[in-house]
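Some notes on the structure that comes next.
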Amino acid sequence: AQSVSQHNHHVILSEAASLELGCNYSYGGTVNLFWYVQYPGQHLQLLLKYFSGDPLVKGIKGFEAEFIKSKFSFNLRKPSVQWSDTAEYFCAVKDTGRRALTFGSGTRLQVQP
Amino acid sequence: EADIYQTPRYLVIGTGKKITLECSQTMGHDKMYWYQQDPGMELHLIHYSYGVNSTEKGDLSSESTVSRIRTEHFPLTLESARPSHTSQYLCASSGGAYNEQFFGPGTRLTVL
């Protein structure tokens, strides 16, 4: 069965620091990859997605992620975080034949002003 | 505006009560989903629907049931709530070429 690992459960950064959140998945075939963000008290929102093509994808609010097939990874990055980036971030994977997404356990990001 | 709606947002009830969590979408999507999420944990799929009159159980076993009589409506029912059902329930829908999922705000259920 597909599994998704997010190794950082809680990350605390100061404003302007760089961010990288790890995501690894287990399925070896064709996958669609997603990062979702949940701001306090808000819906889960799509941050960015990868389906095919350029493995470096850019999302909203200055986030980007790189798909490295050989490492089964899809790490999320942002060069300079802001206090408003404080949220929970979920990596998700959909492989062929599955009906829905498989989610990681999430990373809680706390940005201190 | 296209969106996904869930009601109630918060629900505290006693053991043994029957409850229905509502989910509606104006996205025009065929596929709809229910996920369960415990605090600090990943989301687990508990129900899935391809379209009207089509529902399937998800990866996580759940005592809840769902129905899909209308495209835009996908309610979840618990016939007899128990404390073990305390969790957050998220509804989602997807459509289009890439089937990316859009989520509702969730219902936080507490069973005493």
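Those protein sequences? They're chains W and Z, same order as listed. Just so we're aligned: the first sequence equals residues 19 to 131 in the working numbering. Just so we're aligned: the second sequence equals residues 4 to 115 in the working numbering. Think of the CB as a built atom: it goes at the ideal place given N, C-alpha and C, for glycine as much as any other residue. Source: prediction; values computed, not measured.
So, for residue i: in the same chain, excluding its five sequence neighbours on each side, which residues have a beta-carbon less than 6 Å away from its beta-carbon?
i, result
"F92/W", "C41, L51, A83, F85"
"P131/W", "E33, W101"
"F69/W", "N50"
"R95/W", "E38, E82"
"G61/Z", "L48, I49, H50, Y51"
"L62/W", "Y54, Q56"
"S67/Z", "L79, L81"
"I30/W", "Q128"
Inspect the beta-carbon positions of residue i and residue j and report whether they are closer than 9 Å.
i, j, result
"E103/Z", "G122/W", "no"
"W53/W", "F90/W", "no"
"F105/Z", "H32/Z", "yes"
"V129/W", "D103/W", "yes"
"K34/Z", "G98/Z", "yes"
"A105/W", "Y57/W", "yes"
"S36/W", "S98/W", "yes"
"Q40/Z", "F77/Z", "no"
"Y43/W", "Q20/W", "yes"
"C26/Z", "Y13/Z", "no"
"Y101/Z", "K67/W", "yes"
"P42/Z", "Q91/Z", "yes"
"R71/Z", "T58/Z", "yes"
Taking residue i as the query, report the chain W residues whose CB atoms sit under 9 Å from its CB, ordered along the chain.
i, result
"P108/Z", "G59, Q60, H61, L62"
Who are the neighbours of residue i on chain Z, taking C-beta pairs under 9 Å?
i, result
"A118/W", "K34, Y36, Y38, L48, Y51, G61, D62, A95, S97, Q104"
Residues of chain W with CB closer than 7 Å to the CB of residue i, please, in chain order.
i, result
"M44/Z", "S123"
What does residue i reach in chain W if we use C-beta pairs closer than 8 Å?
i, result
"G101/Z", "As written in the sequence, residue 101/Z is Tyr, which differs from the Gly given in the question. Going along chain W in sequence order, the residues near Y101/Z (Cβ under 8 Å) are N50, K67, F69."
Can you name, in chain order, every residue of its own chain whose Cβ lies under 7 Å from the Cβ of residue i, other than the five neighbours on each side?
i, result
"H25/W", "G40"
"Y53/Z", "D33, K34"
"G38/Z", "Reading off the sequence, residue 38/Z comes out as Tyr, not Gly. Contacts found: L46, H47, L48, I49, L93, A95."
"L63/Z", "Q39, H47, L48, I49"
Less than 8 Å separating the Cβ of residue i from some heavy atom of the ligand GTP?
i, result
"H61/W", "Absence of the ligand GTP is noted for the structure shown, with no ligands found whatsoever."
Ordered along the chain, which non-local residues of its own chain (more than five positions away) have a Cβ less than 8 Å from that of residue i?
i, result
"H27/W", "S123, G124, T125, R126"
### Complete beta strand (DSSP E) runs within the stretch 30–86 of chain W (minimum length 3 residues, chain order)
37–39, 49–56, 62–68, 74–76, 82–86
### Message
Just to confirm the assignment: which complete beta strand (DSSP E) runs, minimum length 3, are found wholly within the stretch 87–127 of chain W?
### Response
91–96, 105–113
### Task
Could you tell me whether the stretch 80–96 of chain Z touches the stretch 9–20 of chain Z, using the rule of 3 or more Cβ pairs below 8 Å?
yes
### Message
If we require 4 or more residues per run, which alpha helix (DSSP H) segments fall completely within the stretch 50–112 of chain Z?
### Response
none
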